[in-house]
Structures are given as C-alpha cells and as structure tokens.
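Chemist:
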Amino acid sequence: MLLEDRVAIVTGGAKGMGRAISVRFAQEGAKVTIADVDMPGAEETLSLVQAAGGQGLVAKCDVTNSGDVREMVAATVSAFGKVDILVNNAGAVVGAQGRPTNLEVLAEDAWDRVVDLNLKGVFLCSKEAVPHMKANGYGKIVNLSSLGAISPPSPHPHYHAAKAGVLGLTYDMAAELGPHNIYVNAIMPGPIRTPFFDEIVATKTPEETAAFFAMIGGMAPLGRMGEPEDIAKAVLFLASDMSSYVTGAVLPVTGGLPLPRQN
Ligand SMILES: NC(=O)c1ccc[n+]([C@@H]2O[C@H](COP(=O)([O-])OP(=O)(O)OC[C@H]3O[C@@H](n4cnc5c(N)ncnc54)[C@H](O)[C@@H]3O)[C@@H](O)[C@H]2O)c1
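The opening residue of the sequence shown carries number 68 in the working numbering; numbering runs sequentially from there.
#1: Using the C-alpha atoms, what's the distance from Pro273 back to Thr78?
#2: Take Ser133 and list the residues in its own chain whose beta-carbon comes closer than 6 angstroms to its own, dropping the five residues that flank it on each side.
#3: With DSSP run on the structure shown, which of helix, strand or coil describes Val251?
#4: DSSP puts Ile76 in a beta bridge; with which residues?
#5: Of all the alpha helix (DSSP H) runs that stay within the bounds of the region 193–246, which reach a length of 4 or more residues?
#6: Is Ile259 near ligand 1, in the sense that its beta carbon is under 7 angstroms from a heavy atom of that ligand?
#7: DSSP three-state label for Val130, please.
#8: Can you give me the Cβ contacts of Phe304 inside the same chain, cut-off strictly under 6 angstroms, excluding the 5 residues immediately before and after it?
#9: What separation, rounded to the nearest whole angstrom, lies between the Cα atoms of Val182 and Val189?
#10: Which residues mark the beginning and the end of the beta strand (DSSP E) in which Leu318 is found?
#11: In or out: Val172 buried (at least 16 other Cβ within 10 Å) or exposed?
#12: According to the neighbour-count rule (16 or more other Cβ atoms, all chains shown, within 10 Å of its Cβ), is Tyr250 buried or exposed?
#13: Quick one: what's Leu124 bridged to in DSSP?
#14: Would you kindly report the start and end of the unbroken alpha helix (DSSP H) that includes Glu296?
#15: Looking only at DSSP bridge pairs, what is Pro256 linked to?
#16: Excluding five sequence neighbours on each side, which residues of the same chain lie with their C-beta closer than 6 angstroms to the C-beta of Leu326?
#17: Could you check how far apart the C-beta atoms of Val154 and Val209 are, in whole angstroms? I think they sit under 8 angstroms.
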C-alpha cells in the first residue's frame, strides 16, 4: 500500500474527483478527512472510505472561511495525530455566472466568489496544514488547477484566472517549503465526467447530453473524457513517495488536450 499510516485531508471530498481521491487513498492505507460544505455527500464518501477498509472523518468546512479551515485541520490532528497530505480539490464555477460569461458582463461579486473558492481556499487550507507538516518534517500538497488555466475552452475569466493563480501559488509554495521536505505539486485536469458538468448539461435532453459528452471526449487524442479515477491515480502518485524527487510540477491529466487530434 502506498499511503500506509498517512493522514490526508481532501477538500471537496463529497463528490466527483474528491470522492474518488478519498476512496483511492483509503484503499492505499491512508486515514482521510473529507472536508466539504455538502454534509450528505461527505457522509456518503465516508461510507465508501469505510467500505474500502479505511478510516475517515467528515468535517463541515467552507474552504473560503478561515475559521472553518482552522477547525477542520484541528479536528484532523485531534482524530489522527498529524497531517501528511493535503489535496486542495474544492473548486467550481458557481452560481448563475457558472455559465460562459464574457468579461464585460461578469459581475464583480461572481468574480470574488469564484476567485475565493478556487484560489483563496488553496491558500487558507495550506496555511493551516503546513505548520503540522513542518512539525513532522514531511508533507505532500496537491493542488487542483485546470487545463483552462492555460487553454480556456469557454469564457470563464474568473475561473481561469483563479486556476492560473493556483499554478503560481504551487510554484511559490514548492520553492518555500522544499527545504522542509514538503512537496507541492499541481494537477491540471482536462474534461472529467463529474457532477461539475451537471449544471452545464442541466437543460439538455439525454440524447443531447450524450452527444455533448461524446463531442468533448472526441476532441482529446485519447478519444474520451476523463473519469474521476483517472485523476485519483495521478493525485496518488503526487501524494505518495512514488514522486520522491518531484516538486513544483504541474501534471496535465487531459487525455492529450490541448494537442489537436490528427485523425
Ligand atoms: N470536472 C472537470 O472537468 C474539471 C476540469 C478541470 C478542473 N476541475 C477542478 O477539479 C476540482 C474537482 O472538480 P469536480 O469536477 O470533482 O467538482 P464537483 O463539483 O464534482 O465537486 C466539487 C466539490 O467541492 C465542494 N465545494 C464547493 N464549494 C466548496 C467550499 N466553499 N468549501 C468546501 N467544499 C466546497 C462541493 O460541495 C463538491 O463536493 C475542482 O477544483 C475543479 O475546479 C474540474
């Protein structure tokens, strides 16, 4: 097992990639804190973690709220004694402005909410977890950016700017924390079939939805959309000692995008 005796925090663990990461970590021997605002979803993930033979903890935590984050990290240390791994996964394009929105009509409050969730949340959770990692002389932080940070497929200026900010924060943290044996890397997912897409396809018929997903998957050289488990495997690599000389790296998990398909 790759994560035996490790303690991990996964933000946004109630569904999608965060759920797949939590379950995969449990299968590899980690104890997992599932930190989310969606309590029923987080409890469901906890059941899956336990069914995989693992131990877990659900923490109600809005990653944009420093008080929530402090309590969530404290609850983890109180239950499991330490923090080895932090996966900053919580993120989304939220609200009505989740739909493609050109710069000129993007509302200021939508900008603030999306940048807070996708960028400030990474800062707050890392700031709170790092002292515990330093105390143990070991840490693995994995941040979820997006392919949209470098190749935006649709107009979401707030989201793409925040995800590009996650890359800058990853590089800075890796440089600062390397001497403390704390590794900081980022994953850059391409299109992954998670509830993230529910809002996008909400108004479509089943046929239109199938055609939409086939169209998106067909753009990638590998010819399909990604699954949450594809991301969980990449996060496992960066969260385990398999990546023993990797820090400050950005790993695209995109099916080959943005390379154009040649056939
Ligand atoms: N799905 C994709 O195609 C895709 C592509 C690129 C990047 N990403 C990024 O990957 C990450 C995971 O995406 P996903 O598709 O699994 O998303 P998802 O919408 O399926 O799950 C996101 C989770 O984050 C939680 N969350 C939302 N706001 C929160 C908050 N303030 N505090 C704590 N938790 C909160 C939600 O409750 C949910 O459980 C996100 O950062 C997303 O931006 C997704």
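The beta carbon of each residue, even a glycine, is placed where N, CA and C say it ideally should be. For clarity, every value in this text was computed on a predicted model and none was experimentally measured.
Modeler: Quick answer:
#1: On the sequence shown, position 11 is the one that residue 78 refers to. On the sequence shown, position 206 is the one that residue 273 refers to. So the two alpha carbons sit approximately 31 angstroms from each other.
#2: Here residue 133 refers to the residue found at position 66 of the sequence shown. Leu191.
#3: Residue numbering aside, residue 251 sits at position 184 when the sequence shown is read from its first letter. If DSSP states are grouped into helix, strand and coil, Val251 belongs with the strands.
#4: For the purposes of this step, residue 76 is identified with residue 9 of the sequence shown, where counting begins at 1. In DSSP, Ile76 forms a bridge with Thr100 and Leu153.
#5: The region 193–246 is shown to contain whole alpha helix (DSSP H) runs of 4 or more residues at 224–244, in chain order.
#6: In the sequence shown, residue 259 corresponds to position 192, counting from 1. Indeed, a heavy atom of ligand 1 lies less than 7 angstroms from the Cβ.
#7: Position 63 of the sequence shown, counted from the first residue, corresponds to residue 130. Coil.
#8: For the purposes of this step, residue 304 is taken as the residue at position 237 of the sequence shown. Taken in chain order, the residues that qualify are Ser310.
#9: Taking the sequence shown and counting its residues from 1, the one referred to as residue 182 is at position 115. Taking the sequence shown and counting its residues from 1, the one referred to as residue 189 is at position 122. One C-alpha to the other measures close to 10 angstroms.
#10: Taking the first residue of the sequence shown as 1, we reach residue 318 at position 251. It spans Val317 to Val320 - the beta strand (DSSP E) in which Leu318 sits, taken as one unbroken run.
#11: Translated into the one-based positions of the sequence shown, residue 172 becomes position 105. Exposed is the call here.
#12: One-based indexing of the sequence shown puts residue 250 at position 183. Counting Cβ neighbours within 10 Å, Tyr250 comes out buried, since at least 16 surround it.
#13: Translated into the one-based positions of the sequence shown, residue 124 becomes position 57. The partner list for Leu124 (beta bridge, DSSP) reads Thr100.
#14: Indexing the sequence shown from 1 puts residue 296 at position 229. Taken as a continuous stretch (DSSP letters only), the alpha helix (DSSP H) holding Glu296 covers Pro295 to Ala306.
#15: The residue you call residue 256 lines up with position 189 of the sequence shown. Paired residue(s): Val320.
#16: Your numbering for residue 326 matches position 259 in the sequence shown. Excluding residues within five positions, the ones whose Cβ falls inside 6 angstroms are Pro288.
#17: Within the sequence shown, residue 154 is the residue found at index 87, counting from 1. Within the sequence shown, residue 209 is the residue found at index 142, counting from 1. That pair is a contact at about 5 angstroms.
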